[in-house]
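Note sheet for the following structure.
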Amino acid sequence: MTSAISLRPTATDVADVPVLEVDGLAVAYRGPEGFQRVVHEVSLRVRPGEVVALVGESGSGKTTTAQAVIGLLAENGRLEGGAIRLNGTDVAGWSQKRLDGIRGQKISLIPQDPTSSLNPVKTIGAQVAEVLQIHRQGSRAEIGARVIELLTRVGLSQPELRAKQYPHELSGGMRQRVLIAIAIALRPALIIADEPTSALDVTVQKRILDLIDELRREDGTAVLLVTHDLGVAADRANHIVVLKGGRIQEQGPTAEVLAAPRSEYTRQLLADAPSLGKTRSAARSKPVHIGPRRDAIVVENLVQDFAVGGREVFRALAGVSFTVRRGTTHAIVGESGSGKTTTARSIVGFQKPTAGRILVDGIDVTSLRGENLRRFRKTIQLVYQNPFASLDPRQTIFQIVEEPLLNFDPLPRDDRARKVEAILDRVGLPPAVLTRRPHALSGGQRQRVAIARALVLDPQVLVLDEAVSALDVTVQAQILTLLDELQQALGLTYLFISHDLAVVRQISDTVSVLHNGRLVDGGAVEDVFQRPGSPYTRELIAAIPGGRNLDPRSFR
Amino acid sequence: MTGLNTIGRSLLRDDQDVLDGASPEAARVSSGAGWLKTVKSIRPGLVLAWFVMAVVVLWALFPQWFTSYNPTVGVARQQLRAPSAEHWLGTDALGRDLLARIIHGAGNSLSGALVAVGVGLLVGTTLGIVAGSARGRIDGAIMRGVDVLLSIPQLLLSLSIVILLGFGIVNAAIAVGITSIASFARLARSEVVRVRASDYVEAAFGSGGTFGRVLLRHILPNSLTSVIAFAALQLGWAILTISTLGFLGYGAPPPTPEWGLLIAEGRNYLARAWWLTTVPGIVVILVVLSANRISQSFGKARP
Amino acid sequence: MSRYVIGRIGQAALVLWAAFTVSFILLQALPGDAILIKFLNPELGLGPEQIADIRAAYAADSPLPVQYLHTVANFLTGNFGYSIHAGVPVGDLILANLPQTLWLASLGFLLSVVVAVALAALSALAPFSWLRAFIQSIPALFISTPVFWLGILLIQIFSFQLRLIPVINPGPWQALVLPVLTLAVPISAPLAQILMRNIDHVLTEPFVAVARAKGASHRWVLWKHVAKNAVLPTLTIGGILFGELLAGAVVTEAVFGLNGLGGLTQRSVNDQDVAVLQAIVVFSAGAFVLINLTVDLLYPVFDPRLRVKQGAVA
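This is the structure we're talking about:
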């Protein structure tokens, strides 16, 4: 079951023939109005042992390009032109059956989301073995031994046990290692890594990227790395291809693209990428506080327990304390499971803490009930991560922003309308959106609506729960700028919940680092970054992608 | 008594979150304009379904517009006539025009189905909304009751109720309606719970909304879409089940024209008059298919 | 046995008891003594002693709560009361009619599974999208078809037009062919629809793309990855399908004039023979509860995600 041609390069042409050469690729998807082209004239090459990063925001066509290369376009997708040469052979016109012969063997995939990329009802061992079985690599016993070998190679402890376990018994990082084991099993010439770490915590992300790097170097495999994160591309790739709207904006050696971007769009991406941009906090003009110092939020010894099953108790927060000065931005940083969201929810009064005290604007939140709690909500508002989910799909934008006003002292209708229009103008939305519904707006616009809704009650404090994490970098930069302006103009206090240290460094004044429900570090943001007080903080900072871009040693 | 309810019960749950996982680029493309898109998006199947429903509703409301024959009194010497220009669908053993009986039967079948769906929708949805919004013990009690209702096969439950209430089309309809309470309650509850867990409901509470306001403004409107779609599905199911009860002899008494009864009566003349059973059955199938198709379109249409 | 298993069994028993109570209230409590008067019907040919026995068996002279407790005790000891119409113990009637229905229902169920799996497999393998759309619309048609009408149509075609199966005195197997076919159609439809939807859903899962990237063919993916993930959730509608099967049996037996549980049900409604109907209701509720219990307890065997983790290292 091998393909008709050899895809393994012979010794003489290694230097000349690229592993992958995409030439004038065009891909279209079938929509309600017929086929719409989403990838136009994309050409790129990947040489043996090289990492080429395909960088772009959502809708840039980067994933579609990668899917086309491995022949796995969505069902409504169609290759409309161009050549895809693997070691010199054009596979663009190949049937699925013919492609089956090379997938897994000559070209393989590391997918985006490790949680759903493994079959939940098959063991890890069976899923690694499958790629060997499909390509008939040895007897049952040989395959079994090879599986253990592969699991060991990707750094899983107790490989024999892992082979017998099911995906749900492994953490996200471990699952991604399993998927890497599958991808490298037959030593393919090319691995396509489609956002291989986007769903993982930063520290795990770094370890996984290190692993891919190491295996690639050992085997001499070429990698096509699809990523939205310019920082990741800067760290890991030899060559960067920047895509926008399905067209290549610019491509070249990483150092060149980063140092002297030729296209306007790349310059903007570079400026907007928090991990690559310079720290803005130095340049930020701090709001000057006149009069006595007042704390907007005081959290003392916050403890939160959750019942797990019957009698067991899971301690999500174990004695967290911090204060936030009025008019400043305090960030709570941590990975998943650190307790950062629990903290936020307790502060806005959605959750009663097990122990501890929370003062917002001098009011003890933990003692509030019923009508008092409802009245308190005027002081503090929450902005959610996902603006798709936080806006009622049936309401118009006007209704969404107006609603908080109806909940409190009734204003005359005209005043309300004026107030809604004013606040929408404030967040930079045109009046035309008033009659639209959320689905007709882009992600960035929706998040602006969510911010408008939060601000319409004139709160003192805004809690931003990963409020920019779901957005593309350029949109993220716009929203961050907007938040900055609003803070300057209205004297707002922000509590900024985030996993992204680069963003935190850029916009916050003070920071608390949470790890497993404990406060491991805290203080002024530059102090924490310059002199991290705990090994965990150091690890977090080291894991921020983009740090190696100016280090010449990372390029060989 | 067909799989309609099974489908409704098991499928309406996971229909909501089908996102454009495969190709976000593809979803993005669809920004075109105006009426041209609307025209193109018209589905012939759906139009046909609405047409069938409209015709049947008109039959029910104004049967005299469609036929001049008397549905209950036969014409002598016209027994068991095959379909002809005079009697488009033939006549039965008493010389009654089959088309007239089908047209006049629409009223019975349709009103029965409406009563049945009305009972299930009102009682079931209310129970479901109360359970979903009250939670705690009230929720537990209501849902255990629903479990019990579900544990008795629907046809047996409706037969038990028919025994209690007595035979007749209204009683049969009520019985059928009672058996669908459990499904409505389950669906309504799961929808309320789903919507309640959404960020926008929390945001509504977070901006100072009281429970009543949030319920009216967000939870109910967003839960009821699925319930309405399910009600349309149940309409088809109720027509089927009522015709089954009619066939078994527990619905409308003869000589009332009722679709299930028509088929039962025609059964004695299988060898001589195929049209007496075949045609009413096809009418039932068309109406039920149409109700299902319309239900589907409700489920997909989101503002 | 784990606490979960015991709890689940207790819950099942509770539902069964409540179903019994509901049927008692519906069928026996309301008409009250009026039913027992029917035993005085001379056509039944019951002597005064037998009638006294029956009255005692129902505790007819006691207040309602006592009657209720009495009936509970009777049911628990396997005494389901007496048929008003036939004057014989209900248990005997059910036992006599059960085999016929069991045959019909199990054959019908088997056939419906075969049809459903075949339709689902055909739609998954269909090379053209129009063909898939066509296959996927078949269950909708099945669902919208009245079962009794389908039975009559089959008789008309196979017995009257084609004369393949005699109307009068067919052989034992011949007599079952059409009823089984009639019963299988409405049961296969929901099964097929759920299977098709599950398959379509599983095919969009990222792990399918990963399998394709390994070089697996469409068929390999369907067989090795999609099949199990698509079939598992259909187990949960087992109880509901049983109800459909029973309802289908009632109608099918009525159409074909078969003697079975369905025929018994129909006769008991016609004769207002509530003792028989109540026994059938409780019997089927019991079967429903048992099926759901079995599915719930067996599910972890097939789905590793529901298994209790045994010292797994995170």
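Residue numbers (the working numbering), protein chains in the order written: chain A, 283 to 838; chain B, 711 to 1013; chain C, 11 to 324. For glycine and all other residues, C-beta sits at the position ideal for the given N, C-alpha and C.
* Determine the extent of the alpha helix (DSSP H) in which G249 of chain C is found, giving its start and end residues. => G248 to F266
* **Residue from A:A732, A:Q769 and A:L764 with nearest C-alpha to Q742 of chain A** => Nearest C-alpha to Q742 of chain A: A:Q769.
* **Nearest-angstrom Cβ-Cβ length linking V505 of chain A and V333 of chain A, presumed shorter than 8 Å** => 5 Å
* Taking A219 of chain C as the query, report the chain A residues whose CB atoms sit under 7 Å from its CB, ordered along the chain. => Neighbours of A219 of chain C across chain A, judged by C-beta separation under 7 Å: L354 and P393.
* Using three-state DSSP, classify I852 of chain B as helix, strand or coil. => The DSSP-derived three-state label of I852 of chain B is helix.
* R576 of chain A to F778 of chain A, Cα distance in whole Å? -> Whole-angstrom Cα-Cα distance: 19 Å.
* **Under 7 Å from the C-beta of P931 of chain B: neighbouring residues of chain A** => R676
* Asked: Who are the neighbours of W159 of chain C on chain B, taking C-beta pairs under 9 Å?
  -> S953, F957, G970, I973, T987, T988, P990, G991, I992, V994 and I995
* Asked: Which residues of chain A have a Cβ atom closer than 7 Å to the Cβ of G296 of chain C, listed in chain order?
  -> Proximity of chain A to G296 of chain C at the Cβ level (cut-off 7 Å) is not reached, the minimal Cβ distance being about 30 Å.
* To do: Residues of the segment 121-142 of chain C with a CB closer than 9 Å to any CB of chain B: list them in chain order, please.
  => none
* Kindly list the residues whose CB is nearer than 7 Å to the CB of S242 of chain C, restricted to its own chain and excluding five residues on each side of it in sequence; keep chain order. => It should be noted that the sequence gives Leu, not Ser, for residue 242 of chain C. Around L242 of chain C: F312 and D313.
* D849 of chain B versus S843 of chain B: straight-line alpha-carbon distance, rounded -> 8 Å
* To do: Consult DSSP for A732 of chain A and reduce its assignment to one of helix, strand or coil.
  => helix
* Cross-chain neighbours of H521 of chain A in chain C, by beta carbon under 9 Å -> Simply none; closest approach about 23 Å.
* Asked: Of all Cβ atoms in chain C, is any one closer than 8 Å to the Cβ of L400 of chain A?
  -> yes
* **Under 8 Å from the C-beta of S227 of chain C: neighbouring residues of chain A** => Q378, K379 and D382
* Based on the DSSP output, what are the partners of D857 of chain B in its beta bridges? -> Its beta-bridge partners do not exist; DSSP assigns none.
* Asked: Looking at C-alpha atoms only, which residue of A:E323, A:E339, A:Q349 and A:R719 is the closest neighbour of R9 of chain C?
  -> Residue 9 of chain C cannot be examined here, being either before or after the span of chain C that is shown, 11 to 324.
* To do: Quick one: give me the first and last residue of the beta strand (DSSP E) that K238 of chain C is part of.
  => Annotation for K238 of chain C: no beta strand (DSSP E) segment contains it, though the alpha helix (DSSP H) segment containing it runs A237 to V241.
* Do the segment 460-472 of chain A and the segment 499-514 of chain A meet, that is, are 3 or more Cβ pairs less than 8 Å apart? -> yes
* Taking the continuous alpha helix (DSSP H) assigned at K379 of chain A, which residues delimit it? -> Element bounds for K379 of chain A: Q378 to I384.
* **Cβ of S604 of chain A within 8 Å of any chain B Cβ** => The sequence given here has Phe at residue 604 of chain A, not Ser. It does not: the Cβ of F604 of chain A has no partner Cβ on chain B nearer than 8 Å.
* **Identity of the residue in C:R277, C:V305, C:G296 and C:V292 nearest A96 of chain C by Cα** => C:R277
* Asked: The beta strand (DSSP E) spanning S325 of chain A covers which residue range?
  -> G316 to V328
* According to the Cβ coordinates, are T346 of chain A and L336 of chain A closer than 8 Å? -> no
* May I ask which residues mark the beginning and end of the alpha helix (DSSP H) holding P931 of chain B? => L930 to L958
* Compare the Cα-Cα distances from G976 of chain B to each of B:L771, B:F776, B:S778 and B:A803 and report the closest residue. => B:A803
* Tell me which same chain residues have a C-beta within less than 6 Å of the C-beta of V755 of chain A, skipping the five on either side of it? -> The beta carbon of V755 of chain A is closer than 6 Å to those of D554 and A555 in its chain, skipping five residues each way along the sequence.
* To do: Could you check which residue in A:S399, A:V403 and A:V429 has the C-alpha nearest to that of E412 of chain A?
  => Cα-wise, what sits closest to E412 of chain A is A:V429.
* Sub-8 Å separation of R651 of chain A and G918 of chain B beta-carbons -> no
* For V328 of chain A, which of A:Q487, A:Q394 and A:A519 has the nearest alpha-carbon? -> A:A519
* Please name the residue or residues paired with V337 of chain A in a DSSP beta bridge. => A:T509 and A:V524
* Within-8 Å CB hit, P73 of chain C to chain A -> Output row for P73 of chain C: interface = no.
* To do: Measure the Cβ-Cβ separation of G267 of chain C and L114 of chain C and say whether it is below 8 Å.
  => No, these two residues do not count as a Cβ contact at 8 Å.
* For V715 of chain A and I682 of chain A, believed in contact at Cβ under 8 Å, the rounded distance -> So it is not a contact: roughly 10 Å between Cβ atoms.
* To do: Could you tell me whether any non-hydrogen atom of the ligand GDP is closer than 7 Å to the CB of R820 of chain A?
  => Among the components modelled here there is no ligand, and therefore nothing to report on the ligand GDP.
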